[in-house]
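Encoded as structure tokens, the structure appears first; notes follow it.
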């Protein structure tokens, strides 16, 4: 097994290990982002429900909600609304919009790596295949037809790089689209929560 991996790496001029690193990096980001959005979207739904139960004049309940959701991206909106409670509607809206802008980087953190992997994976795989094919034809040129198995085996190793690159792209693009959808859902939650907070905390 190890010898096979070494042969693949040599045949692709070391691009197979690079592709393996990109794949593992992508998987780690996918796992982290999946856990983040699972918590965030669920918290947003329950926060919407809890805010509807809070009376405009009930500061104690509002503070409890803020503490309960303090570690979530949506919970930051409640904290900001409490800071400007009782001020004009325009002031509360501006404060909440600024908070949303500050929270946006938390939503798309590291997604640029998945986006890059979608493009870079197949390109590196194709490059590895080209290098492997060149090496195989060099063998064919030096040995003629004396070693056909070596040539066909080298071509098979070379095509492995393309398969690896395409696998990276397929996995990453599926989850990238999934996370982009989750971002849109969270932004919609931001808008609804902002409306609820303005109606309850603005003068």
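Numbering (our numbering), first residue to last: 1092 to 1294.
C-beta: ideal position from N, C-alpha, C; glycine also.
Can you tell which of 1165, 1201, 1199 and 1177 has its C-alpha closest to the C-alpha of residue 1189?
1165
Quick check on the burial criterion: 16 or more other C-beta atoms within 10 angstroms. Buried or exposed for residue 1261?
exposed
Distance, residue 1120 Cα to residue 1186 Cα
Roughly 31 Å separates the two Cα atoms.
Got a sec? Which residues, its chain only, sit under 6 Å from residue 1213 by beta carbon, not counting five neighbours each side?
1256, 1257 and 1260
As an exercise, report each continuous beta strand (DSSP E) stretch of at least 3 residues that is fully enclosed by the stretch 1115–1155, in chain order.
none
What separation, rounded to the nearest whole angstrom, lies between the Cα atoms of residue 1289 and residue 1178?
10 Å
Do residue 1198 and residue 1277 have their C-beta atoms closer together than 8 Å?
yes
For residue 1181, the first and last residue of its enclosing alpha helix (DSSP H)
1180–1198
With DSSP run on the structure shown, which of helix, strand or coil describes residue 1165?
coil
Using the three-state DSSP reduction, which class does residue 1256 fall into: helix, strand or coil?
helix
Pairing CB atoms from the stretch 1128–1137 with CB atoms from the stretch 1203–1221, are three or more of them under 8 Å?
No: the two stretches stay apart, fewer than three of their Cβ pairs being nearer than 8 Å.
Compare the beta carbon distance of residue 1224 and residue 1252 with 8 Å and say whether it is the shorter of the two.
no
Residue 1273 to residue 1280, Cα distance in whole Å?
Going by the C-alpha atoms only, they are around 11 Å apart.
Please identify the residue among 1155, 1128, 1170 and 1147 whose C-alpha is closest to the C-alpha of residue 1200.
Ranking 1155, 1128, 1170 and 1147 by Cα distance to residue 1200 puts 1128 first.
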